[in-house]
Amino acid sequence: LNPKADMLRKGEYAQFVHKKDELTFKWDALTFQIHILRLITSIFAISMFILTWKISYKLFPKSVIRNLSLLLFYNPMFLHIFTTLTNVTLISLLSTGVIAIDIKFANKKKNNKTVLLQGILTGLGFITKISSISLIPALLIIMLIGYSKKKYSFSELVLRLAIFTIGFLISSGWYIVRNIRLYGEIIEANVISKLYGPSHHFLLLDQ
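Residue numbering for the sequence shown follows the numbering used here, starting at 70 and increasing by one per position.
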């Protein structure tokens, strides 16, 4: 059992109390792990910032690129989320990567390897945070628009959809199979919330 279960029930899901000894680098194993994880979170944030900077180069005049990127980077919510331990950092980076690829290939045809990569990234997003599936209809619409503008034939469209699906299943197929075997449903969060309602967080955090 989690020794801080009572604290967690009060809504303090991720509390870590920093001690003065930290300032002199007298770190125990847990403190060291916390800082390593926060460093990884910060690396995700910086990577997303760099990707956003590159996207800005594709979309806007050079005179405003710095301002647009800094507007994102110094947004208070961005600074808060990207210095804590949360899967939001990873899903944001993965989603930005998928979007950056599409912008890069906006005026030229994507090769099959790139479509496969987008499928893999979207699948990784799916097992990170379920909201990433909102990318799928957006990518489908982009493909249909490309087909309507005769960027590729109908057979190429079908092939792209198949390759994207394969990429998606490469990274998330095991998770989908697992959920179906355990719950009879693809999305695990739906099952847990139906079983336990709002209290399901507390049941999970107890252990």
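From the three backbone atoms N, C-alpha and C, an ideal C-beta is built for every residue, glycine too.
Specify the secondary structure class of G236 as computed by DSSP and reduced to three states.
helix
Is there contact here, the segment 223-233 with the segment 159-174, by at least three beta-carbon pairs under 8 Å? no
Measuring only the C-alpha atoms, how far is L137 from S125?
7 Å
Need the endpoints of the alpha helix (DSSP H) that L108 sits in, please. A98 to L128
Range of the contiguous alpha helix (DSSP H) that encloses Y221:
Segment: none, Y221 is in no alpha helix (DSSP H) and carries neither H nor E.
For L159, which residues of its own chain have a beta-carbon under 7 Å away from its beta-carbon, when the five flanking residues on both sides are left out?
F113 and T197
- Which one of T110, H104 and L162 has the shortest CA to CA distance from T121? L162
L162 - DSSP class collapsed to helix/strand/coil: helix
### Task
Could you tell me the boundaries of the alpha helix (DSSP H) in which I189 lies?
N181 to T197
- Near G253, which residues of its chain fall below 6 Å by C-beta distance, leaving aside the five closest residues on each side in sequence? none
Nearest CA to the CA of L154: which residue from S240, W243 and H104?
H104
Applying the 10 Å Cβ sphere with the 16-neighbour rule, what's the burial state of V133? exposed
Among H87, L92, F151 and T191, the one whose alpha carbon lies nearest that of L108:
F151
Can you give the Cα-Cα distance for M117 and T165, rounded to whole angstroms? 7 Å
Buried or exposed for E227, going by 16 or more other Cβ atoms inside 10 Å? Looking at the sequence itself, residue 227 is Val, so the reference to Glu does not match. With fewer than 16 other Cβ atoms within 10 Å, it is exposed.
Nearest-angstrom Cα separation, counted from S111 out to G236: 27 Å
Exercise for review: Look at I255 and I245 and say whether their C-beta atoms are less than 8 Å apart.
Suggested key: yes
Exercise for review: Report all residues from its chain with a CB closer than 7 Å to the CB of T100; omit the five preceding and five following residues, and keep chain order.
Suggested key: E91
| said: Between the alpha carbons of H149 and I115, how many angstroms are there, rounded? | reply: 14 Å
Proximity winner among F195, K179, L186 and V260, relative to Y216 (alpha-carbon distances): K179
Assign G242 to one of three DSSP states: helix, strand, or coil.
helix
Reduced DSSP secondary structure (H/G/I, E/B, other) of A175
coil
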